[in-house]
Ligand code: AMP
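In my numbering, the protein residues as written are 195 to 581.
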């Protein structure tokens with residue numbers, strides 16, 4: 195069986211690595227000169243600046259992605275974060291534990307789960323408004339960090355499976371070598387199984403048929419299966435169709451900060467409450483090779499993607515890091531064809547297309563979990579169909 199994969203992002207490479215291990219003849223086409231999409235990095239000023247995602251796997255070793263990587267022999271070590279998280283509110287820091295929330299807030303959460311089962315449909319904003327101010331700000335910060343959205347943009351029921359998975363698997367982990375170590379290892383698996391990764395080869399069109407065709411510049415190739423890692427919108431365009439009611443993407447900005455001394459001092463997430471920036475991590479505490487000194491990755495969800503929002507984010511960073519010797523080495527905004535998420539969290543559109551063996555994976559076609567864990571679950575669904 196021949197599988198053609200459009201795009202060498204995490205979803206495409208993960209699907210390709212599995213299929214090539216199962217004897218599929220895999221060819222990956224990537225329009226850029228590098229593989230990894232938004233899940234790799236470049237060395238800049240002695241720091242591994244990621245192309246998109248944070249150097250982080252939301253549920254660490256035990257989560258869906260960690261498990262899949264182990265299953266296919268992807269040789270990447272994932273260091274689970276300890277502590278998992280901390281808050282920063284009004285200049286004060288506090289570890290994130292179960293005791294961080296008042297008994298009343300926990301009761302309200304359990305009640306909302308129950309009411310939700312009974313059919314109550316509310317947004318997270320409608321729910322969280324009834325919590326103490328600190329819990330409300332935490333919900334905002336968590337959603338901003340994990341999904342780049344705010345609570346009014348997500349329905350409560352969408353968070354339920356994610357909440358359960360966090361209880362099951364726990365918090366984040368950091369891959370040693372960063373996201374690049376993961377995608378490079380997947381690419382090696384594809385190549386060692388005889389598959390090909392073709393860089394600077396843009397797919398111009400896809401034509402479904404008994405054998406599906408992929409059109410490249412001046413060439414066409416035939417496949418039994420096509421897996422697209424570029425989201426439903428671009429996939430439809432490649433198929434010569436329009437996706438009129440495609441949900442919006444989520445936008446955000448990531449600041450990479452080189453800092454002489456550790457600011458966070460551990461491997462967990464520091465959630466920033468009550469600010470436009472949502473949180474930060476300091477991955478050099480897990481892997482010192484990710485930066486010459488220490489490196490903070492700071493994420494801010496963007497509402498409109500305006501310059502003013504970024505100016506505000508920069509102001510907040512300078513205020514939080516006052517007294518430290520640091521340099522903001524990269525400000526990367528994510529929108530359009532290079533967004534935070536191709537489809538806003540909670541609106542993912544599944545992995546199938548109307549053509550039997552043409553699938554979509556990646557962050558526009560996630561399963562019920564966050565970030566790269568959702569991508570792994572989406573790939574798993576496609577594999578269940580195919581294997
Ligand atoms: P990601 O954005 O991380 O999910 O990865 C998707 C990858 O697909 C990126 O590396 C894009 O450069 C690549 N890509 C997007 N459109 C095309 C296309 N038409 N042909 C080949 N690669 C593409």
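We put the CB at the ideal spot given by N, CA and C, even for glycine.
If you follow the alpha helix (DSSP H) that residue i is in, where does it begin and where does it stop?
i: residue 396; result: No alpha helix (DSSP H) contains residue 396, which DSSP labels as neither H nor E.
i: residue 247; result: From DSSP, residue 247 is part of no alpha helix (DSSP H); its letter is neither H nor E.
i: residue 431; result: 425-432
i: residue 375; result: 372-386
i: residue 572; result: 565-580
i: residue 548; result: Here residue 548 belongs to no alpha helix (DSSP H), and DSSP marks it neither H nor E.
i: residue 300; result: 297-311
i: residue 264; result: 258-265
Could you give the residue range of the beta strand (DSSP E) that holds residue i?
i: residue 274; result: 272-274
i: residue 520; result: 520-528
i: residue 390; result: 390-392
According to DSSP, is residue i helix, strand or coil?
i: residue 292; result: helix
i: residue 477; result: helix
i: residue 218; result: coil
i: residue 142; result: An answer regarding residue 142 cannot be provided, because it is not within the stretch 195 to 581 covered by the chain.
i: residue 409; result: strand
i: residue 355; result: helix
i: residue 323; result: coil
i: residue 535; result: strand
i: residue 234; result: coil
i: residue 363; result: helix
i: residue 400; result: strand
i: residue 141; result: Because the chain here runs from 195 to 581, residue 141 falls outside it and cannot be looked at.
i: residue 209; result: helix
i: residue 223; result: strand
With burial defined as no fewer than 16 other Cβ atoms inside 10 Å of the residue's Cβ, what is the status of residue i: buried or exposed?
i: residue 363; result: buried
i: residue 238; result: exposed
i: residue 340; result: buried
i: residue 227; result: exposed
i: residue 548; result: exposed
i: residue 250; result: buried
i: residue 195; result: exposed
i: residue 233; result: buried
i: residue 509; result: exposed
i: residue 247; result: buried
i: residue 277; result: exposed
i: residue 429; result: buried
What number of angstroms, rounded off, separates the C-alpha of residue i from the C-alpha of residue j?
i: residue 240; j: residue 374; result: 15 Å
i: residue 299; j: residue 439; result: 37 Å
i: residue 395; j: residue 413; result: 11 Å
i: residue 200; j: residue 451; result: 33 Å
i: residue 407; j: residue 417; result: 6 Å
i: residue 424; j: residue 297; result: 44 Å
i: residue 224; j: residue 553; result: 17 Å
i: residue 267; j: residue 559; result: 24 Å
i: residue 458; j: residue 499; result: 27 Å
i: residue 453; j: residue 461; result: 15 Å
i: residue 471; j: residue 209; result: 33 Å
i: residue 572; j: residue 517; result: 44 Å
i: residue 446; j: residue 390; result: 33 Å
i: residue 504; j: residue 580; result: 44 Å
i: residue 219; j: residue 422; result: 16 Å
i: residue 331; j: residue 400; result: 45 Å
Who pairs with residue i in a beta bridge, going by DSSP?
i: residue 485; result: 241
i: residue 506; result: DSSP, once it has assigned bridges, lists no residue as partnering residue 506.
i: residue 495; result: 446
i: residue 464; result: 280, 474
i: residue 344; result: None, per the DSSP bridge assignment.
i: residue 420; result: 198, 552
i: residue 451; result: 490, 522
i: residue 456; result: In the DSSP output, where bridge partners are listed per residue, residue 456 has none listed.
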